[in-house]
Amino acid sequence: MQKLLFSDKEEPLKAVNVASVPQRSPFRYPGGKTWFVPRLREWLISQPKRPRLLVEPFAGGGIISLTAIFESLVEIALMVELDEDVAAVWQTIIDGEAEWLAKRILNFEMSRENAIAEIHIHRKLTKEKAFQTIVKNRTFHSGILAAGAGFLKNGEKGKGVLSRWYPTTLAKRLRAINLMRDKLRFEHGDAFDVLERYKDDEEVVFFIDPPYTAGGKKAGSRLYTHFELDHEALFATCRKLKSDFIMTYDNSEEVKKFARKHHFMAKPIPMKNTHHAAMTELVIGRDLSWMRGVDRVLEDRDEYK
Ligand SMILES: C[S@@+](CC[C@H](N)C(=O)[O-])C[C@H]1O[C@@H](n2cnc3c(N)ncnc32)[C@H](O)[C@@H]1O
Numbered sequence: 013m014q015k016l017l018f019s020d021k022e023e024p025l026k027a028v029n030v031a032s033v034p035q036r037s038p039f040r041y042p043g044g045k046t047w048f049v050p051r052l053r054e055w056l057i058s059q060p061k062r063p064r065l066l067v068e069p070f071a072g073g074g075i076i077s078l079t080a081i082f083e084s085l086v087e088i089a090l091m092v093e094l095d096e097d098v099a100a101v102w103q104t105i106i107d108g109e110a111e112w113l114a115k116r117i118l119n120f121e122m123s124r125e126n127a128i129a130e131i132h133i134h135r136k137l138t139k140e141k142a143f144q145t146i147v148k149n150r151t152f153h154s155g156i157l158a159a160g161a162g163f164l165k166n167g168e169k170g171k172g173v174l175s176r177w178y179p180t181t182l183a184k185r186l187r188a189i190n191l192m193r194d195k196l197r198f199e200h201g202d203a204f205d206v207l208e209r210y211k212d213d214e215e216v217v218f219f220i221d222p223p224y225t226a227g228g229k230k231a232g233s234r235l236y237t238h239f240e241l242d243h244e245a246l247f248a249t250c251r252k253l254k255s256d257f258i259m260t261y262d263n264s265e266e267v268k269k270f271a272r273k274h275h276f277m278a279k280p281i282p283m284k285n286t287h288h289a290a291m292t293e294l295v296i297g298r299d300l301s302w303m304r305g306v307d308r309v310l311e312d313r314d315e316y317k
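Right, dumping it as C-alpha cells:
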C-alpha cells in the first residue's frame, strides 16, 4: 500500500530552476544532473565531516563532481566514465591540456561543413579526440554522442550547428576546471570496478547516476553508447558500500522494487526535462532524512508494505 507522509510545516518541493545553478561543465549532457545540484549541497553538508573523496562512477558531463570540488564540499572527486569520447575530454583536462583544448575551440570556425569534416577525421591523440567530442556534443541533437545522433537542424532561432557553440564560454569553463585540476581525478573504466575498490572505505561518498534502462526503459539506450547495465547487480553492490551513497533513477516500478528489496529509501523529486515537462526522478539511499523542504515523502518501506 502506498503511504504518503505530509507535513504542512515544511516548504513544498519545487523543481529547481537550473539557470540558478552555476554551469561548470564543458558538456551539454543528456541526463545531466544540474537540476540536482541544490540537493547535492544539502547531502554533502549533512555529512558528519567533509568527505575526503566523492566517487562518481557514471560521470558523464561531471557537473556533480565539478560542483563538489568548486564549492569545497569534498576534498577531491573521482570521476569514472566508460564512454571513450567523453573520457577523452576528462583525460585531456587531467593531463594538463585544458588550455590547448580551449584554444582549439576558440580557433575553430564553426559551420556545418567544418563540423562534418572535423568529426570524420580519424583522430588518434586523446586531446584531438576530446576536441572532436566537444564538436559533436555541441552540434548534435541534445548533445547525444551515441550512434544515430544527428546534427541540430534548426537549433535555437534557426541557427543550426551554431546555436550551442559558445567558444568563449567553453574556454572559460575549461580554464576554470584547469585551476581545480589537483582536486579532480578521472578514470576511463567501469563503474562496478571502482565501486568494488572503494566499498570498504569509510571516508568516501558515492554519487551514482546510471543510464536509465531498468525495467526495459528505452530512454537511456537512445542517449548513451554504453547503456546496458545490470541494475539488480548495481543495487546489490550499493548495499555492500560501507559509506554513504545516493543514486538517482527514473521513477519506475522496477527501480522502486529494487530499492525495497535492498531496504533503501526512495524519494521522488521534481525536475523538468529538456522539453520543460515537469516530471519526477527518484533519489535513493539508505537514509534520506537530510533532504529538507520536503512536503511529500515517499518511503519505499511504507510504500511496499
Ligand atoms: C545518466 S548518465 C550520467 C550523467 C551525469 N550524472 C551528468 O550529470 O552529466 C550515465 C553515464 O554512465 C555512463 N556509463 C554507462 N555504463 C557505464 C559503466 N559500466 N561504467 C561507467 N560509466 C558507464 C554512460 O556513458 C553515461 O555517460
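For the sequence shown, the residue numbers in this note's numbering are 13 to 317. Where is the CB? At the ideal position from N, CA and C, for every residue including glycine. Keep in mind the model is a prediction, meaning the values are calculated, not measured.
Beta-carbon spacing of residue i, residue j below 7 Å
| i | j | result |
| --- | --- | --- |
| V92 | A203 | yes |
| R187 | A114 | yes |
| A183 | I133 | no |
| G74 | S37 | yes |
| F219 | W102 | no |
| R40 | G155 | yes |
| K269 | V295 | no |
| L85 | L56 | yes |
| S77 | E68 | yes |
| T145 | A100 | yes |
| E208 | T260 | no |
Inter-residue spacing [alpha-carbon to alpha-carbon] between residue i and residue j
| i | j | result |
| --- | --- | --- |
| L65 | E83 | 14 Å |
| I189 | I105 | 8 Å |
| I258 | E125 | 43 Å |
| G232 | Y224 | 5 Å |
| I88 | E215 | 11 Å |
| A80 | P63 | 10 Å |
| D221 | G72 | 9 Å |
| R298 | D256 | 8 Å |
| D262 | R135 | 35 Å |
| W318 | E130 | Lying before the first or after the last residue shown, residue 318 is absent from the chain, which here runs from 13 to 317. |
| D95 | I128 | 21 Å |
| K61 | V173 | 45 Å |
| K45 | D205 | 23 Å |
| V147 | K273 | 43 Å |
| K165 | L52 | 35 Å |
| L235 | A158 | 6 Å |
| D194 | Y210 | 20 Å |
| E140 | H275 | 46 Å |
| V98 | P42 | 12 Å |
| F120 | V49 | 32 Å |
| M122 | H200 | 29 Å |
| L253 | P282 | 27 Å |
| D212 | A271 | 21 Å |
| S301 | P34 | 26 Å |
| G333 | F70 | As displayed, the chain neither begins before 13 nor continues past 317, which places residue 333 out of reach and without an answer. |
Bridge-paired residues (DSSP) for residue i
| i | result |
| --- | --- |
| F120 | In the DSSP output, where bridge partners are listed per residue, F120 has none listed. |
| K279 | V295 |
| D262 | E293 |
| L65 | I88, V216 |
| E357 | In the structure as shown, the chain begins at 13 and stops at 317. Residue 357 is therefore absent and cannot be evaluated. |
| F257 | F218 |
Neighbour-count burial assignment, residue i, 16 or more Cβ in a 10 Å radius
| i | result |
| --- | --- |
| A245 | exposed |
| D242 | exposed |
| N149 | buried |
| M277 | buried |
| R185 | buried |
| M303 | buried |
| Y178 | exposed |
| G108 | exposed |
| F18 | Because the pLDDT at F18 is just 32, under 50, the model does not fix this residue reliably, and the value given afterwards should be weighed accordingly. So F18 ends up on the exposed side. |
| T249 | buried |
In chain order, which beta strand (DSSP E) runs of at least 3 residues are fully inside the segment 147–218? 196–200
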